[in-house]
Amino acid sequence: MSAHVMGERESTARFGFWLYLLSDVMIFGALFATFMILRGGTAGGPTDADIIEPFPVLLQTLALLASSFTVAVAVLAARAGKLQTMKLYLWATFLLGATFLGLELAEFINLVGEGHSWRESAFLSSFFALVGTHGLHITIGLLWLVVWLAYYQKRGMNDGMQRRLGLFALFWHFLDIIWIWLFTIVYMFGVGV
Amino acid sequence: MSESAYKKALYRYCGGFIAALVLVYAMYFTTVNGWLSGAPLAALLLGLALVQFGVQMVVFLHVFDEAKPRWTLWSIIYSFVMLLIIVLASLWIMANLNYNMHMTPEQMEQYMLEQNKKGF
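These protein sequences, in sequence, are chains H and P. Position 30 (the first sequence) corresponds to 30 in this note's numbering; numbering is contiguous. Position 115 (the second sequence) corresponds to 1115 in this note's numbering; numbering is contiguous.
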């Protein structure tokens, strides 16, 4: 953050965390490539256009974009010492993330309920693997946020807490960016292209 | 952090969020209402997704706010080159699979059916 002078420890931690995120990019890259290759391999089952319901996906996207905004404001408020604002925006982030995850689970449960599980075709296997891996990251992010808030409740704010909140925000923005590509390549391409 | 620096950063995030919303709505309604389809739609969607990606990276992840020597930015650039090689080369190889195995598409189909009968 430009206005915030980072200590040596914080900037090192952030660089290390970026390297983790970039290795995660490679996992998602492999899953995206697999999905794009296998999306036509429906083995007589449903195609992408058959199973995608665009409206819930729009809601998911809006929830995640909004949560990316709220977590950015929370970090900013933490650095400005506005701890009440920070707490409010972190809970907003949590609720938006939980909404996203709920909609994704509903989509998965629907698909499996209609008999279209990952076992039906190569397309569905790669679909569940790609979307599910992102959903797993979101789940871990939500757990991280809750644990952070519990520590904050107990210990209040200090340099270490500030640093970990910054790393969480990096993780959360990163997941938002991965989702933009999922939204585009899996969902919008599936509906319209 | 001064109050004015706080306000300035807040406006920056609000601007980024509004831009992100506009881009998502543009992608969604163009696709769902069928205003475009096929290759033009694909090009538009990829273009808008790239702009969205840029907005998120610059506004929320502050990739250009780093002090020299910018280790993070260079790591990101290097990773994206690797990512493009993995994804595009995979697509390229798989699209030419029949040719690279010296088979016509029909022979490939036949071969795959025989392999499927053997089970996995």
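Heads up, the beta-carbon is just placed ideally off N, CA and C, and yes, glycines get one too. Being a predicted model, the structure only gives us computed values, none of them experimental.
- Residues of the segment 56 to 69 of chain H whose Cβ lies closer than 8 angstroms to any Cβ of chain P, in chain order: L58, T61, L62, L65, A66, S68, F69.
- Listed in chain order, the non-local C-beta contacts of H/G135 below 7 angstroms within the same chain comprise L101, E104, local neighbours out to five positions each way being set aside.
- Assigned with DSSP and collapsed to three states, H/L182 falls in helix.
- Taking 8 angstroms as the threshold, the shortest C-beta distance from P/Q1115 to chain H does not fall below it.
- When DSSP states are grouped into helix, strand and coil, H/L19 belongs to the helix group.
- Proximity of the segment 29 to 36 of chain H to the segment 65 to 75 of chain H falls short of the contact definition, fewer than three beta-carbon pairs being nearer than 8 angstroms.
- Scanning chain H for C-beta atoms nearer than 8 angstroms to the C-beta of P/Q1107 yields nothing, as the closest lies near 18 angstroms away.
- When only Cα atoms are considered, H/K154 and H/M161 end up about 11 angstroms apart.
- Chain order gives no chain P residues near H/I52, where near means a beta carbon separation below 8 angstroms; the closest approach is about 10 angstroms.
- By a beta-carbon distance limit of 8 angstroms, P/L1023 does not contact P/T1031. Their separation comes to about 13 angstroms.
- Proximity of the segment 82 to 92 of chain H to the segment 115 to 129 of chain H falls short of the contact definition, fewer than three beta-carbon pairs being nearer than 8 angstroms.
- For H/F15, the chain P residues whose Cβ falls inside 7 angstroms of its Cβ are W1071, T1072, in order along the chain.
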